[in-house]
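Numbering (the UniProt record's numbering), first residue to last: 1 to 178.
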């Protein structure tokens, strides 16, 4: 399935690479530390209001899949957004909320910063007793830099962040608007 996410996104990104239609859709492929992969689609519903749909692999726990739904409000130079992310394969109550602020510079580089609040459930031992389950909240604070390739309406980006337990995380992404 993780290969499917990568192949599907790559085909979408480059299928529209030479399309000159003025578009309001953006597709992003993200690969992060620990094998995390995510496909994200932003769609304008008006000039100012945007919705976000995401599908992810290993986003909350190992070998899980997630689906996400988000909203953003576009101003001249900023896109503040909020995304709700839910684990759909484990049967546990694993979810996260991603709050970000994207800055559109109009030049070669765009920036984004934000945080993710994660709620995870996990089994303490193998007895399957309800008392052997635990819940954990964690946070990740992140910062992204995007290099704009305006001729192709693409971006290449990098991400770094730190978790509430002090672990440094990283990711890279490629984005295509059409």
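A virtual CB, placed ideally from N, CA and C, is assigned to each residue, including glycine.
*Residue nearest to residue 90 in terms of C-alpha spacing, selected from 146, 39, 57, 37*: 57
_6 Å Cβ shell around residue 173 - same chain, five flanking residues per side excluded_ = 28, 30, 157
_What does the alpha-carbon distance come out to for the pair residue 142 and residue 53?_
20 Å
*Would you report the Cα separation of residue 21 and residue 151, rounded to the nearest angstrom?*
Note that residue 21 scores a pLDDT of 40, beneath 50, so its modelled location is shaky and nothing firm can be said.
_Contact check, residue 145 vs residue 111, beta carbons under 8 Å_ = yes
*Going by DSSP, what residues sit across from residue 67 in a beta bridge?*
55, 86
_Limits of the beta strand (DSSP E) - the one that residue 74 falls within_ = Where residue 74 is concerned, there is no enclosing beta strand (DSSP E), given that its DSSP letter is neither H nor E.
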